[in-house]
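J.: One structure coming up, written as structure tokens, with questions to follow.
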Ligand SMILES: Nc1ncnc2c1ncn2[C@@H]1O[C@H](COP(=O)(O)OP(=O)(O)OP(=O)(O)O)[C@@H](O)[C@H]1O
Ligand SMILES: [Mg+2]
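Residue numbers (the numbering used here): 94 to 262.
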């Protein structure tokens with residue numbers, strides 16, 4: 094399935110993409126978020142969580158590595174694995190138990206635990222371009238594909254660029 098590339102002019106556009114993503118996801122979905130420090134991964138998760146009904150703060154769980162949110166319709170687990178060390182940490186914290194059919198998991202720095210994470214449904218990369226970011230969203234499973242198709246429809250009113258990416262709103 095063709096990836097979706099969207100240009101995000103500013104922080105508000107990243108939050109808005111998160112809100113559109115919230116309308117496309119379903120429990121069980123596993124999303125990985127790639128991008129350098131400061132790329133906008135947490136901002137995207139913040140947009141998602143707000144749209145899913147979370148009213149409080151959303152900070153990257155830099156030291157606890159995971160922050161679970163009990164939302165009205167699902168449990169949402171936000172991982173930041175930047176400081177993840179080794180396999181024993183994975184097992185000692187029971188991280189594998191966070192993944193399952195009733196929860197959504199969004200994982201920053203998935204490459205730090207690449208051999209331990211279950212396969213992702215959606216793969217999102219954020220890359221700086223100009224003063225904004227380009228978001229590239231790929232589906233790796235059928236469930237991810239359904240989510241991506243919905244997201245594509247929800248993004249259709251954004252301005253199409255000549256090379257096929259769209260301006261986020
Ligand atoms: N589309 C955008 N254009 C410009 N700035 C943005 C955009 N999206 C987010 N930002 C800004 O980028 C900064 C870093 O964002 P954020 O904390 O989400 O990055 P991160 O990828 O989670 O970083 P880390 O890897 O350190 O956790 C914030 O100041 C945020 O406002
Ligand atoms: Mg972050």
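Even for Gly, the Cβ is constructed at its ideal location relative to N, Cα and C.
1. In chain order, what residues of the same chain have a beta carbon less than 8 Å from the beta carbon of residue 112, not counting five sequence neighbours either side?
2. My guess is that residue 101 and residue 110 are in contact by the Cβ rule of under 8 Å, so how many angstroms apart are they, rounded?
3. Tell me whether residue 147 sits in a helix, a strand or coil according to DSSP, three-state version.
4. Nearest-angstrom Cα distance between residue 200 and residue 161?
5. Identify which residue in 189, 167, 202 has its Cα closest to the Cα of residue 154.
6. Alpha carbons only, please: which of 165, 206, 186 is nearest the one belonging to residue 126?
7. If we call anything under 9 Å between Cβ atoms a contact, is residue 122 one with residue 214?
8. Could you please give me the residues that DSSP links to residue 231 through a beta bridge?
9. Does the beta-carbon of residue 201, which I'm using as the reference point, lie nearer than 8 Å to any heavy atom of ligand 2?
10. Could you check whether the Cβ of residue 132 sits closer than 8 Å to any heavy atom belonging to ligand 1?
11. In the DSSP output, which residue or residues are listed as bridge partners for residue 126?
12. Between residue 219 and residue 128, is the Cβ-Cβ spacing less than 9 Å?
13. Assuming the contact rule is C-beta atoms closer than 8 Å, residue 228 and residue 240 should be a hit. Round their C-beta distance to whole Å, please.
14. Quick check on DSSP: helix, strand or coil for residue 210?
T.: So, to answer that:
1. 140, 141, 143, 144
2. 6 Å
3. Coil.
4. 12 Å
5. 202
6. 206
7. yes
8. Partner(s): 216.
9. yes
10. The answer is yes for residue 132.
11. Note: residue 126 sits in a beta bridge opposite 201, 217.
12. yes
13. So it is not a contact: roughly 14 Å between Cβ atoms.
14. Looking at residue 210 - three-state DSSP - the assignment turns out to be coil, as it is neither helix nor strand.
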